[in-house]
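Shown next, in structure tokens, is the structure this report addresses.
Numbering (my numbering), first residue to last: 4 to 127.
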């Protein structure tokens, strides 16, 4: 299969995966659509076969991560998530106390929400 066909197939696969993973979440669907389209537009002038293969590999890895690692839940309380997908529920069973299909985070896993800082802090 030629590289152009592989790129097109990857583009379609990423969009199908996006639709499946983020169904019923309009914001996430739109954000993922924009990001996929941006990345492909940024690299559409690439001519190096080696670089194109590298980009195809990255895109395939992203698709795999989306398919296997992304879970979505609904906040039902300040520390409770409702997970609808049974596969996702099984992934989180080790991280929380489970009550029916509700996940309640263990207190030892909760941390303060600290803003990210690019600049390294100096030790005193």
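We put the CB at the ideal spot given by N, CA and C, even for glycine.
Keep in mind it's a predicted model, so treat the numbers as computed, not measured.
Query, Result
"Scan the region 39 to 64 and note each continuous alpha helix (DSSP H) run of 4 residues or more that stays entirely inside, going in chain order.", "none"
"Starting from residue 26, trace the alpha helix (DSSP H) in both directions and tell me its first and last residue.", "From DSSP, residue 26 is part of no alpha helix (DSSP H); its letter is neither H nor E."
"How close, in whole Å, do the beta carbons of residue 32 and residue 22 come, if the pair is a contact with beta carbons under 8 Å?", "7 Å"
"Rounded to the nearest angstrom, what separates residue 34 and residue 26 at their Cα positions?", "13 Å"
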